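Only one structure is covered here, and it is reproduced in the block below.
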Amino acid sequence: MAKKWQVIDQEQKTLEEKLKVLYLFNAAERYPILAKHADKNNLANEKFLELLVDEELAAKHQRILKKRVWEAKFPAISTLDQYDFTHPQRINKKLVLSLFDLQFMAKREWIVFMGNSGLGKTHLAKALGYEACNKGYRVLFTKTAHVIHALQAAQSDHTQEKELKRFTRPDLLILDETGFLPLDQGQANLLFQLISDRYEYGQGSTIVTTNLAFKNWGRIFNDSVLAQAVVDRITHRCQVVKIEGDSYRSKGMNIE
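Just so we're aligned, residue 74 is where the sequence shown starts under my numbering, counting upward by one.
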């Protein structure tokens, strides 16, 4: 006796069409294969339905992840398992691993990766960003210099408020290479405004990568008072990952 989910070809086609009407395209595509699998393994109706739903959920997750990654503007995908913890002379591996549960995002904390160039700060920041995308969060990765240039351009055409929202809106903002170049007063004020708005009004967390200790941030802003105001906001709710050692690049390796 045929089971309820076993149907003749015409009924199967009708079901596939109905699934497509419901935008369950992956379920429609996988239905014939899963039906044969269920028949061969004598699966109950509920188990077959669960398999079909799981396939659709997995496909939907991949579509959302692809969209989130595209929106994040990563220059390349980086993951935690690609990072070599044995290379740096000093890194708090336990702290880094704990960040990947993303609890810091629920607390709206800032994360700062601090260390010399070529130690994988950007890699770890991108890996956290990718994990956030995987969990459905909206992420934006950008060089700090790019943010400043974008805000300067927005000043010229009187769209600065709109441009600021682009950087304050994401659940996770990653500001890469903060402090690599000194800023003039106008640029320093723009970066302060972004960090201040992100701190006061942002709904999520921010990751910063920098080659400078906080005590040296006066070099970035050319203003010790402004630098201290920025550092105060960042460190209010912050976890700092200090990385020490020789550059990957000096050994012909690429970790970023």
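No residue lacks a Cβ here, since even glycine has one placed at the ideal position from N, Cα and C.
As the structure is a computational prediction, the values presented were derived from the model and not from experiment.
Query	Result
Contacts around Glu-89, its chain only, beta-carbon distance under 7 Å, and the 5 residues preceding and following it disregarded	Ala-101 and Tyr-104
Cα-Cα separation between Leu-107 and Leu-92, rounded to whole angstroms	14 Å
Through-space distance from Ala-226 to Lys-235, alpha-carbon basis	12 Å
Chain-order list of residues whose beta-carbon lies under 7 Å from that of Asn-207 (same chain, five-residue window excluded)	Leu-138
Start and end residues, alpha helix (DSSP H) containing Ser-269	258 to 273
Minimum C-alpha distance to Gln-276 - residue among Gln-233, Arg-211, Leu-124 and Phe-98	Arg-211
Where Tyr-321 falls, given that 16 or more other Cβ within 10 Å makes a residue buried	buried
According to DSSP, residues forming a beta bridge with Val-212	Leu-245
Residue closest to Leu-264, alpha-carbon to alpha-carbon, out of Gln-233, Glu-317 and Asp-127	Gln-233
Buried/exposed call for Pro-148, threshold 16 Cβ in 10 Å	exposed
Backbone CA spacing between Thr-215 and Thr-241 [nearest angstrom]	13 Å
Cβ neighbours of Lys-166 in the same chain (closer than 8 Å, five flanking residues each side left out)	Phe-158
Whether Ser-278 touches Glu-182 by CB criterion (7 Å)	yes
CB of Phe-186 within 7 Å of CB of Thr-282, strictly	yes
Distance between Gln-260 and Val-314 (C-alpha atoms, nearest Å)	26 Å
Gly-246 vs Leu-285 beta-carbon contact at 7 Å	Per the sequence shown, residue 246 should be read as Leu rather than Gly. It is not a contact, given that the beta carbons lie outside the stated cut-off.
For Val-94 and Asn-114, the rounded distance between their alpha carbons	29 Å
Cα-Cα separation, Phe-294 to Lys-180	28 Å
Exposure label - Met-74; buried when at least 16 CB within 10 Å	For Met-74, the predicted structure reports a pLDDT of 48, less than 50, and the residue's modelled location is therefore unreliable. A value from the coordinates is still provided. That one is exposed.
Pair within 7 Å by beta-carbon distance, Ile-280 and Ile-164	no
Cutoff 7 Å; reference Asp-270; Cβ partners in own chain excluding five residues on either side	Leu-237 and Thr-241
DSSP state of Gln-162 mapped onto helix, strand, coil	coil
Three-way DSSP call (helix, strand, coil) for Glu-89 in this model	helix
C-beta atoms of Gly-188 and Ala-145 nearer than 7 Å	no
Euclidean distance between Cα positions of Leu-267 and Ile-307	12 Å
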